[in-house]
Amino acid sequence: MTDYFEVHERDGAARLGELRLAQSVPTPALVDDVDADTPGAVHTVLHDAGGRWPSEPDPPGGDDSAVTILPHRGLPAGTPDEVAEAFADDYPDVAFPSGAVVSPTTAADHAADVSVLSGAPGYVGYGSAFVNALTTVKKAVPADTALYLPGVATPRNVATLVYAGVDLVDPHRAVIRGTEGRYLTTDEAYFLEDLAELPCACPACQQPRDGFDRTDCVEHNVHALAAELARVRRRIRDGRLRDYIEGQARQDNWLTATVRIMDQRYGYVERRTPLIRRAELAATTEDALRRVEIQRFARRVTERYVPRFDDRPLVLVPCSARKPYSDSQSHTQYHDAVQWRAHIVSMTSPIGVVPQELELTYPAQHYDSVVTGDWSATEVEFVSRVLERYLGDADYPEIIAHVPGEGYRDICERVADSLGREFT
Ligand SMILES: [Zn+2]
């Protein structure tokens with residue numbers, strides 16, 4: 001149990017929290033060493049009590065104005081596991097806000113408020129290495145400690161870092177890139193000399209292009225990082241970080257890989273994802289089919305849900321753009337025609353199948369998809385699989401498919417073939 005970090009809200013693995021120092025810091029936050037000379041957008045709340053090479057330091061002191069990173073032995077990325085274990089640090093239980101430096105090998109419950117992931121530059125840039133390191137550490141440390149990833153955040157990657165479960169980042173990489181003459185935005189790392197105009201309106205960029213030098217570039221990079229982090233906090237508060245990530249992660253391939261690999265780690269994301277939300281779920285990419293809310297609904301409909309109306313015929317109908325479906329003109333007509341003589345089930349991408357009595361549940365009533373009239377092969381495959389599993393457990397005497405167009409028809413024919421059942 002930590003005294004100085006509290007999680008207030010979750011959106012998948014991303015969290016909105018608070019470092020409860022003398023002056024409270026909302027997380028995810030941009031933090032830096034109290035002795036560092038960093039621009040105003042950064043909370044200077046870290047204090048590094050030093051390394052344990054080559055000699056043992058005195059026990060650290062600290063107070064609630066800053067998080068004291070406890071003395072540790074820094075090991076280079078790629079240190080063999082047995083060496084890392086042999087040199088694993090023991091951290092004292094101290095009475096002030098503290099941080100413990102951990103690696104995927106040495107992460108454990110250290111009774112610290114902040115876990116500092118060492119060697120982060122070795123993982124960042126590689127989707128599976130990053131997700132492996134992060135999920136290993138997150139499983140090993142208590143859920144109520146903040147995870148700090150030093151030296152890696154940029155305006156382009158920070159949304160995905162937070163999406164994966166990072167609570168604290170620093171401006172070091174944005175500063176270094178600026179001194180190298182790289183102008184960072186949420187989509188690119190431009191060579192400063194290639195920019196004829198500055199694509200930003202932050203205070204550092206409020207000057208003629210001619211006078212803008214690398215010092216200004218550093219200041220801009222940190223502003224851009226802070227602004228992106230503020231946007232991410234807003235997205236978490238609204239429960240809509242995933243919708244943003246599906247677009248933002250496209251700006252760098254390793255970020256897209258990270259999002260997809262996390263979708264494959266269903267258990268890690270699922271246990272951290274709220275069961276219901278009020279926010280709309282925007283299904284605009286194929287990746288949306290793999291997001292936890294969609295997969296969870298499909299699992300529940302095919303594994304837990306027991307059809308209670310399968311003593312009468314099943315009528316399969318298309319979904320409607322208006323939610324709940326029963327408010328739409330088409331579904332009002334279906335209901336008027338069918339009454340209660342059959343069980344109405346809607347077919348939809350990306351949700352799969354929605355039995356009539358579940359249409360008010362999350363996310364059946366909350367999603368909005370892009371309607372072009374065409375179904376992709378992945379959508380046909382997904383909805384077919386859900387429908388097939390749904391029908392596998394039901395006992396309808398007759399199946400009537402009242403569906404238009406190619407996609408719906410393809411699905412019904414595939415499922416009819418594979419189950420050996422006649423669809424009317
Ligand atoms: Zn700027």
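FYI, our numbering numbers position 59 of the sequence shown as 59, with every residue one higher than the one before it. For each residue, glycine too, the CB sits at the ideal point set by N, CA and C.
Sixteen is the threshold: since fewer than 16 other Cβ atoms of the shown chains lie within 10 Å of the Cβ of ILE176, the residue is exposed. ASP395 is positioned such that its CB atom lies no closer than 8 Å to that of HIS343.
For ALA204, the Cβ falls inside the 7 Å cut-off from some heavy atom of ligand 1.
Annotation: the stretch 75-141 contains the following complete segments of the beta strand (DSSP E) (minimum length 3 residues), in chain order: 98-102 and 114-117. Note on TRP375: 16 or more other CB atoms within 10 angstroms of its CB, so buried under the neighbour-count rule.
Between the alpha carbons of LEU134 and ALA13 lies a gap of roughly 11 Å. By the 16-neighbour rule on beta-carbons within 10 angstroms, SER24 is exposed. PHE297 counts as buried, since no fewer than 16 other beta carbons sit within 10 angstroms of its beta carbon. Per the coordinates, the alpha-carbon of TYR390 lies some 38 Å from the alpha-carbon of ASP252.
Nearest in C-alpha terms to ALA111, of all of THR2, VAL403, ILE400 and TYR266, is THR2.
Distance from PRO28 to LEU168 at the Cβ level is roughly 7 Å; contact confirmed, criterion being Cβ atoms closer than 8 Å.
Counting every other CB atom within 10 Å of its CB across the protein chains shown gives VAL166 a total of 16 or more, marking it as buried. For CYS319, the shortest separation between its Cβ and any heavy atom of ligand 1 does not lie below 7 Å.
Around ILE399, the same chain offers LEU314 and PHE423 as residues with beta carbons nearer than 6 Å, after the five sequence neighbours per side are excluded.
Cβ-Cβ distances below 6 Å link THR44 to ASP32 and VAL34 in the same chain, with the five nearest sequence neighbours on each side left out; the list follows chain order.
According to the DSSP assignment, VAL353 belongs to the beta strand (DSSP E) that extends over 352-355. Three or more beta-carbon pairs drawn from the stretch 123-137 and the stretch 261-273 are found closer than 8 Å, and the two stretches are therefore classed as touching.
Annotated three-state conformation of PRO28 is coil, per DSSP. In this chain, the beta strand (DSSP E) harbouring LEU316 covers 314-318. Judged by DSSP secondary structure, ASP48 falls within the beta strand (DSSP E) whose first and last residues are 43-48. Secondary structure of HIS220 (DSSP, three-state): helix. For ASP417, the uninterrupted alpha helix (DSSP H) segment begins and ends at 405-419. Listed in chain order, the alpha helix (DSSP H) elements of length 4 or more contained wholly in the stretch 179-250 are 214-238 and 241-248. ALA159 is the residue among SER115, THR185 and ALA159 whose C-alpha sits nearest the C-alpha of LEU229. With a cut-off of 7 Å, the C-beta of HIS223 is classified as near ligand 1, since at least one heavy atom of the ligand falls inside that distance.
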